[in-house]
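Here is the structure we will look at.
Number of protein chains: 2
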Amino acid sequence: MNNTRLSTALHILSLLAHNDGNLLTSEWIAGSIGVNPVIVRKEISVLKKAGLVESLAGKEGGTRLALSAKKIKLADVYQAVRQSSLLGKQNQHPNPACPVGKNINAELATLYAEAEQKVLNFLGKKTLAEFSKVF
Amino acid sequence: MNNTRLSTALHILSLLAHNDGNLLTSEWIAGSIGVNPVIVRKEISVLKKAGLVESLAGKEGGTRLALSAKKIKLADVYQAVRQSSLLGKQNQHPNPACPVGKNINAELATLYAEAEQKVLNFLGKKTLAEFSKVF
DNA sequence: TTAAATGTAATAAAATATGTTACAATTTGG
DNA sequence: CCAAATTGTAACATATTTTATTACATTTAA
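Chains as they are written, first to last, in my numbering: chain A, 1 to 135; chain B, 1 to 135.
This is the structure in structure tokens:
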């Protein structure tokens, strides 16, 4: 997760939470984040697949939350944008002739999954409403 | 942490733990991981600064643990290789004229630090000895 | 004194992430 | 119906990060 995707997603969702029901355009959102509107549309596409937002095409179109901000957990957002293991990639070509090389990736997978679960538990207790109420 | 550095470090340390006291060369370690020996030496350099391993230069040189595997916590390893926030980068150019843009990075920093602390707590309970005993 | 190792800088290559352009499809209002 | 504004997405370009490689000075044991 060495990228800005979760930050971008939380920024988008915070803006939507602050404009409850109103449709915001990707261009307007992009202006608040300071990125290209296409980046915003791509991230919105991901959030849409997760059922967190909905969009209307065409003139006067835009995006709004699909759920109340109280019902959106930060864990849902994380899972929507998540691409790879939190603690990193496993070693790519471990030597199967070595007892450590042969088994390390399975062991790492377990460890990383457990660590990630701790983060999910934490993020599962926080809602978008709480996160965005300070703005 | 979208890289293999923690995996590589744990692989190195597991090999050292399994050869208690013996000096292992970067070339030998690299052969088990399946990477270039210079990658191993660079990672060892980082682990050395953290006080986890020690090396001897010259012929018959190599690297060994500087502490018993029971005294090395996986949190120490994580902190040694850690470079950036676990949950990613903050947004780079948020618009200060927007209430959300103005404050989001501070809010993200707090959230990300708390999440990372959960991982540190988890990894602080695990030792290298436990992690590597299965090999 | 030679061979084998570390330590590290410099560079190259590969992989990821971000940005941009373009344009079809959709939808509203005039 | 038409023009304007928007989404959705593909294709491509650029930038950044990660990994690999080469080179070589330094250290140390036999």
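Ideal Cβ placement from N, Cα and C applies to all residues, glycine included. Computed from a predicted structure; not experimentally measured.
Cβ-based neighbour list, Leu87 of chain A, same chain, cut-off 7 Å, excluding 5 preceding and 5 following = Tyr112 and Ala115
Please list the partners that Ser68 of chain B has in chain A, where partner means a Cβ-to-Cβ separation under 7 Å.
-> Under the 7 Å cutoff, chain A gives no residues; its nearest Cβ is about 18 Å from Ser68 of chain B.
Is the CB of Asn95 of chain A under 8 Å away from at least one CB in chain B?
-> yes
Which class does Thr25 of chain B belong to by DSSP, given the choice of helix, strand or coil?
-> coil
Chain-ordered neighbours of Pro99 of chain B on chain A, where CB pairs are closer than 7 Å = Phe135
So, using beta-carbon positions, are Val46 of chain A and Val81 of chain A closer together than 8 Å?
-> yes
Would you list, in chain order, the members of the segment 18–42 of chain B that have their beta-carbon closer than 9 Å to a beta-carbon of chain A?
-> Under the 9 Å Cβ criterion, the segment 18–42 of chain B contributes His18, Gly31, Ser32, Ile33, Gly34 and Val35.
Is DSSP giving Arg64 of chain B helix, strand or coil here?
-> strand
Check each candidate in A:Leu24, A:Ala50, A:Lys70 and A:Tyr78 and name the one with the smallest Cα separation from Thr4 of chain A.
-> Selection A:Leu24, A:Ala50, A:Lys70 and A:Tyr78 evaluated against Thr4 of chain A yields A:Tyr78 as nearest (Cα-Cα).
How do the segment 57–69 of chain A and the segment 10–29 of chain A stand: do at least 3 beta-carbon pairs fall below 8 Å, yes or no?
-> yes
How would you call Thr127 of chain B, buried or exposed, if buried means at least 16 neighbouring beta carbons within 10 angstroms?
-> Within 10 angstroms of the beta-carbon of Thr127 of chain B lie 16 or more other beta-carbons, which makes it buried.
Candidates A:Leu6, A:Ala97 and A:Lys73, of which the one nearest Lys42 of chain A by Cα | A:Leu6
What did DSSP end up calling Pro119 of chain A once you bin it into helix, strand or coil?
-> Checking the sequence, you will find Val at residue 119 of chain A rather than Pro. Looking at Val119 of chain A - three-state DSSP - the assignment turns out to be helix.
Report the neighbours of Ile44 of chain A on chain B: residues whose CB is nearer than 8 Å to its CB, in chain order.
-> The premise fails here: Ile44 of chain A is roughly 15 Å from chain B at the closest Cβ pair, so nothing lies under 8 Å.
Contact list for Glu114 of chain A against chain B, beta-carbon separation under 8 Å | Phe122
Closest by CA to Glu130 of chain B, which one among B:Leu13, B:Asn2 and B:Glu54?
-> For the options B:Leu13, B:Asn2 and B:Glu54, the alpha carbon positioned closest to that of Glu130 of chain B is the one of B:Leu13.
Kindly indicate which residue of B:Glu60, B:Leu23 and B:Ile39 has the alpha-carbon position closest to the one of Leu53 of chain B.
-> The question names Leu, but residue 53 of chain B in the sequence shown is Val. The residue with the shortest Cα to Cα distance from Val53 of chain B is B:Leu23.
Per DSSP, Thr127 of chain A is paired with what?
-> A:Lys73
Nearest-angstrom Cα distance between Ala76 of chain B and Gly58 of chain A?
-> Sequence inspection shows Asp at residue 76 of chain B; the Ala mentioned does not correspond to that position. Answer to the nearest angstrom: the Cα atoms are 53 Å apart.
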